[in-house]
Each structure stands twice: as C-alpha cells, then as structure tokens.
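Each position in the sequence shown, counted from 1, maps to that position plus 332 in our numbering.
Notes follow the structure.
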Amino acid sequence: MLLIHCPYCDETLPEPEFAYAGEAHIARPADPMALSDEEWRDFLFIRSNPRGNHFERWRHVNGCGRFFNAVRDTVSDKFAMTYRAGEPRPNLDALKEAAE
Numbered sequence: 333m334l335l336i337h338c339p340y341c342d343e344t345l346p347e348p349e350f351a352y353a354g355e356a357h358i359a360r361p362a363d364p365m366a367l368s369d370e371e372w373r374d375f376l377f378i379r380s381n382p383r384g385n386h387f388e389r390w391r392h393v394n395g396c397g398r399f400f401n402a403v404r405d406t407v408s409d410k411f412a413m414t415y416r417a418g419e420p421r422p423n424l425d426a427l428k429e430a431a432e
C-alpha cells in the first residue's frame, strides 16, 4: 500500500485519501496570448517523465483538502518527502545524501 504524508495534517495515510494533481512547480506563462499554438500545447500537455525523483502536486481530498508537493521516486514508487505548497523546490542533491 502506498502511504503519503500530508504536511498540513502531519499524518501519513493510504493513497485513497489523496488525489494526484500533476507535476509540481509548473509556472503559468505571463502572457498566454503571446504564445504560439505549439507553445500553448506544450504548456498544457507536455510534462517531464523522469526516471527517479519527480516533483508532484497532490491534494488531500479526504482530509484537509489542501494541495501540497511531494518528491516521489518513479522507479520504486516511494515518497522521499512532502512539503507545503508555496515552499521552494528542495535540492535533489540533499535528498540523495539523506537517503544514503
């Protein structure tokens, strides 16, 4: 069973409590009307799909209802950490050192 830690409730709960909400740290274009159709398509639909640590956005739908960010290893499906929305993206090198 996949367990996810909510940084707001400070509880670790099973995945059905949560909803995946896409890749984290995606900045909306300042002037969407200035983008070409291809650039707008890329913003809407093209996301990274790395092997290893991936920054994701999740929502605690059956709890506090808040969005938060997580770092999940796409190979092992384990969460390295979760952190509140709005906090800066953590340094991946620090995560690798903490895991070793």
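Where a beta carbon is used, it is the ideal one built from N, C-alpha and C, also for glycine.
Own chain residues within Cβ distance below 7 Å of residue i, not counting five before or after
i	result
Phe-387	Glu-355, Ala-356, His-357, Asn-401, Val-403, Arg-421
Pro-339	Phe-400, Thr-414, Tyr-415, Arg-416
Contacting residues, own chain, Cβ-Cβ under 8 Å from residue i (five flanking each side not counted)
i	result
Ala-417	Arg-389, Arg-398, Phe-399, Phe-400, Asn-401
Glu-347	Met-333, Leu-334, Leu-335, Ile-336
Residue range of the unbroken beta strand (DSSP E) whose run includes residue i
i	result
Asp-405	399-405
Ala-412	411-416
Inter-residue Cα distance where the pair is residue i and residue j
i	j	result
Asp-342	His-392	11 Å
Met-365	Ala-359	15 Å
Glu-419	Glu-370	30 Å
Gly-395	Glu-349	7 Å
Leu-424	Leu-367	31 Å
Met-333	Asp-405	15 Å
Ser-321	Tyr-352	Since the displayed the chain opens at 333 and closes at 432, residue 321 lies outside it and no answer follows.
Coarse secondary structure for residue i, derived from DSSP in three states
i	result
Leu-424	helix
Minimum Cβ-Cβ distance from residue i to chain B less than 8 Å
i	result
Arg-379	The structure shown contains no chain B, having only a single protein chain.
query: Whole alpha helix (DSSP H) runs in the stretch 336-397 with 4 or more residues, listed along the chain?
result: 369-377, all fully within the stretch 336-397.
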